[in-house]
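Taken in sequence, the protein lines are chains A and B. Each step along the first sequence adds one to the number in my numbering, with nothing skipped, and position 76 is 361. Each step along the second sequence adds one to the number in my numbering, with nothing skipped, and position 359 is 644. Structure record follows, encoded as structure tokens.
2 protein chains.
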Amino acid sequence: MKAAILTIGDELLIGQVVDTNSSWMAQQLNLVGIKVEEKIGVGDDASVIKEALSRLLNKVDFVLITGGLGPTKDDITKSTLTEFFQDKLVLHEGSLENVKRIFATIGREPNAVNIQQAMQPSKALVFVNQNGTASGMCFDVDGKMVVSMPGVPFEMKAMLLNQVLPMALKRFRKIDIIHKTICAQGIGETYVAEKIADIEASLPDYIKLAYLPSVGLLRLRLSGYGAASRQEVDDYSNQIVERISAHVFGFGDDILQDVLGQLLIQQGKSISTAESCTGGYIGHLLTSVPGSSQYYLGGTIAYSNEVKVKQLGVNKQDLEKFGAVSKEVVEQMAIGVLKNTGSDYAIATSGIAGPTGGSVEKPLGLVWIALAGKSGIFSKDFKFGDNRERNIQRAALTALNLLRKELLKK
Amino acid sequence: MKAAILTIGDELLIGQVVDTNSSWMAQQLNLVGIKVEEKIGVGDDASVIKEALSRLLNKVDFVLITGGLGPTKDDITKSTLTEFFQDKLVLHEGSLENVKRIFATIGREPNAVNIQQAMQPSKALVFVNQNGTASGMCFDVDGKMVVSMPGVPFEMKAMLLNQVLPMALKRFRKIDIIHKTICAQGIGETYVAEKIADIEASLPDYIKLAYLPSVGLLRLRLSGYGAASRQEVDDYSNQIVERISAHVFGFGDDILQDVLGQLLIQQGKSISTAESCTGGYIGHLLTSVPGSSQYYLGGTIAYSNEVKVKQLGVNKQDLEKFGAVSKEVVEQMAIGVLKNTGSDYAIATSGIAGPTGGSVEKPLGLVWIALAGKSGIFSKDFKFGDNRERNIQRAALTALNLLRKELLKK
């Protein structure tokens, strides 16, 4: 079963937008054993789109298109596909209801342009878009399928996972690929590669290991080809986890702040935060989890020294003597927010995120993290890099993982 | 002058790596007036690569290839191009010296595999790689150019900017493309399309308008073909801005929190935040800007009601009577943090981010935002959607834009 991905939009060809859709789609297709032969990006030009589509249909069985389904004039994918398949547009009731539903949630009436979104090719199977007004569509012709989806990433993702892939898997025979992903925090890929070199060397041909690093996180994906490899994939996964267990927080799609939240709920504990260099990002990660109000009380963003002193009770003399980025200050920040909120645990951060502000004694990327609980306090300094955004992300994830490990000691 | 970008590598087709190279390259080409007609990604397969190349050479004058130039067996780009152009590999002295130089910096001798990197096609112009052992190459045949570069982003970038583009610009006459991008907040693309329908209809053939929406933001890009269109692009841009001026916060690559920060610096004003439903995300956006400590003092993440009362002085009776998501409470939050920090302005948010917690009176997506200053307070309710992540983002951006507009009134 061969597939191709066709992305449509001038913005991709002038480099205004980085195409993250096609790699995500390729990943999802790969997970279910559909091989992507080619990815191609073209502009909003009907003849170019038709030419690309003709060529791809000669090579593959399944063409996935994204982009160009919006309501504005520059979006021509729907009309071009309708012409290509010698079809015509008719009103699609499900799409019309959806447009009305979406506008109802914002208390407005759809206008004529919005209603146009409900016109769909008569021969196509239509996918109603849960998250927007642009429906997707599938033309199923001569044993080949052409699916068109919106280019907005979250709309496309929901449509692919919930509607397109289930349909495609029914339609095409698939081979089994067993995946197991280990999720780790605070560990680099070269360090892991050294630690598990012997395990990696012993992997059979039909089991592959991929390193998937992102800022502050590392995922390790084992892929076994053929259903019979399941037990072996599990065994290798266990071997790897054993070597790096202090850093492993989950498997598959686990997210650190979710895993931490579940632990807090299980133990009936609450937390609060006092953030300087992370500037609210820890609070944001915690509250990005639905239901986080069960354990997260809130806290203080103590960006200025005055707020550290006044809101968190940091000692002014200590602040002057040791500086804001110090063990003394970060511990007092944690104790202060613990007292203010009455939470069971508190996390505090203070560091030099950059790009400037470093010194020989306190270099750029130095971050102090404190963890306070009713039974005591712990703090540690970390040396991250020279990029502001990444320093903030790494500090926040490191802090969350410190608390996760603390909770596991109970 | 038409160009195409061909990326080579299996890792791109299984979605393991997001291809950031091709959008960056497209951007650079576009800046110098070279139009990218197509981007295509294929696997490490000689016949597929040759087929793609033949096809592209029928369409465009300039093909830029990245990837597949490494020393390991899976890298076949160099040998495939050599075959395609009926050439042979010969030792290239400059490349050999470069391989030796690079190994000298790490105190090692190159082995036989590394030395192979110095073999280059005899007919090609060779680009010695300043940052790695894989040289780039250019075949110049029948008035068309095919350039192959390494896939490692920083190696490719240096080679393209310092060696490939200067050569290409000498070789091809270029057309000018004038871009102007308008950045707006709190406005949907269909709404804008209606508002500016007459302007859009009046655009000449050589000026295009694209709508680039993202969560809470909308960018509008005007592209004029030919240097003579500059004045007209500016005129159309002014006409559009006039229609939606309340929402426009900048141009080009402007970022809302940067624009706001610049205004605060200019006016010598400071701000603080009191966040409930946005959970620290406003603080995060503000502190993502280097130098934000000049105007952002910090604030309170008041996720629980207890923190609202104890840290921000929200009246307990009002909280019970009106609920946390109310005009009364959000205004008291803003006043509380203003008092706590002594800032000139304060932003407060309280809402139902979802996915649950809505009611008929207070539906999912309802967010109250308050803006307090020394001269008074203002608050407004917004109705966003049903997605937690997007509600948080939209609420935060809306709050920042409210403050920006307030500052402009001065």
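All C-beta atoms, glycine included, are put in the ideal place defined by N, C-alpha and C.
Asked: Closer than 7 Å at the beta carbon, the chain A residues around glutamate 479/B; Found: Asn396, Val398
Asked: Rounded straight-line distance, which links the Cα of serine 339/B to that of valine 348/B; Found: 10 Å
Asked: Minimum C-alpha distance to aspartate 666/B - residue among Pro640/B, Glu691/B, Val615/B, Gln371/B; Found: Val615/B
Asked: Length of the line joining the Cα atoms of alanine 288/B and glutamate 336/B; Found: 17 Å
Asked: Partners in chain A for arginine 673/B, counting only beta-carbon separations shorter than 8 Å; Found: Ser573, Pro575
Asked: N-terminal and C-terminal residue of the alpha helix (DSSP H) that methionine 441/B is part of; Found: 438 to 444
Asked: Between the CA atoms of alanine 331/B and asparagine 399/B - distance to the nearest angstrom; Found: 22 Å
Asked: Neighbour flag for tryptophan 653/A against chain B, beta carbons, 8 Å; Found: no
Asked: Bridge-paired residues (DSSP) for aspartate 666/B; Found: Trp653/B
Asked: Contact list for the stretch 287 to 313 of chain A against chain B, Cβ threshold 9 Å; Found: Ile290, Thr292, Gly294, Asp295, Glu296, Leu297, Leu298, Ile299, Gly300, Gln301, Val302, Val303, Asp304, Thr305, Ser307, Ser308, Trp309, Met310, Ala311, Gln312, Gln313
Asked: Residues bridged to glutamate 323/A (per DSSP); Found: Ala289/A, Val327/B
Asked: Glycine 598/B versus Leu582/B, Thr292/B, Leu571/B, Val622/B, residue with shortest Cα-Cα distance; Found: Val622/B
Asked: Sequence-distant residues of the same chain with beta carbon closer than 8 Å to glutamine 596/A, five excluded per side; Found: Thr585, Ala587, Gly621, Asn625
Asked: Alpha helix (DSSP H) segment containing leucine 450/A, residue limits; Found: 450 to 456
Asked: Supposed close pair arginine 679/B, phenylalanine 663/B - CB separation, criterion 8 Å; Found: Between phenylalanine 663/B and arginine 679/B the Cβ distance is about 19 Å, and since that is not below 8 Å, they are no contact.
Asked: Where the alpha helix (DSSP H) through glutamine 470/A begins and ends; Found: Taken as a continuous stretch (DSSP letters only), glutamine 470/A belongs to no alpha helix (DSSP H), being part of the beta strand (DSSP E) at 462 to 470.
Asked: Where isoleucine 529/B falls: helix, strand or coil (DSSP); Found: coil
Asked: For serine 635/A, three-class secondary structure by DSSP; Found: strand
Asked: Partners in chain B for leucine 685/A, counting only beta-carbon separations shorter than 7 Å; Found: The premise fails here: leucine 685/A is roughly 13 Å from chain B at the closest Cβ pair, so nothing lies under 7 Å.
Asked: Minimum Cβ-Cβ distance from histidine 532/B to chain A less than 8 Å; Found: no
Asked: Test item: CB-CB of glycine 568/B and isoleucine 677/B under 8 Å; Found: no
Asked: Between the CA atoms of serine 611/A and glycine 436/B - distance to the nearest angstrom; Found: 42 Å
Asked: Residues of its chain near leucine 342/A, where Cβ-Cβ distance is below 7 Å and the 5 sequence neighbours each way are ignored; Found: Val348, Lys429
Asked: Segment limits, alpha helix (DSSP H) that includes aspartate 603/B; Found: 601 to 607
Asked: Residue range of the unbroken alpha helix (DSSP H) whose run includes arginine 386/B; Found: 378 to 390
Asked: Range covered by the beta strand (DSSP E) that runs through glycine 583/B; Found: 581 to 587
Asked: Boundaries of the beta strand (DSSP E) in which tyrosine 496/B is found, first to last residue; Found: 492 to 499
Asked: Proximity test, valine 518/A beta-carbon vs the ligand SAH heavy atom, cut-off 7 Å; Found: In the structure shown, the ligand SAH is absent, as is every other ligand, since no ligand is present at all.
Asked: Rounded Cβ spacing between glycine 546/A and threonine 683/A (contact assumed at less than 8 Å); Found: That belief does not hold up - the Cβ atoms of glycine 546/A and threonine 683/A are roughly 17 Å apart, past 8 Å.
Asked: Interface partners of glutamate 474/B on chain A, CB under 8 Å; Found: Gly355, Pro356, Thr357
Asked: Contact list for isoleucine 567/B against chain A, beta-carbon separation under 8 Å; Found: Gly565
Asked: Distance CB(leucine 505/A)-CB(leucine 494/A) smaller than 8 Å; Found: yes
Asked: Proximity below 8 Å, CB of glutamine 594/A to CB of leucine 582/B; Found: The displayed chain sequence assigns valine, not glutamine, to residue 594/A. Their beta carbons are not under 8 Å apart, which means valine 594/A does not touch leucine 582/B by this criterion.
Asked: Below-8 Å beta-carbon distance, valine 327/B vs any chain A residue; Found: yes
Asked: Bridge partners - serine 433/B, DSSP secondary structure assignment; Found: Ile350/B, Met422/B
Asked: Against chain A: residues of the stretch 499 to 527 of chain B by CB proximity under 9 Å; Found: Ser499, Val500, Arg504, Arg506, Ser508
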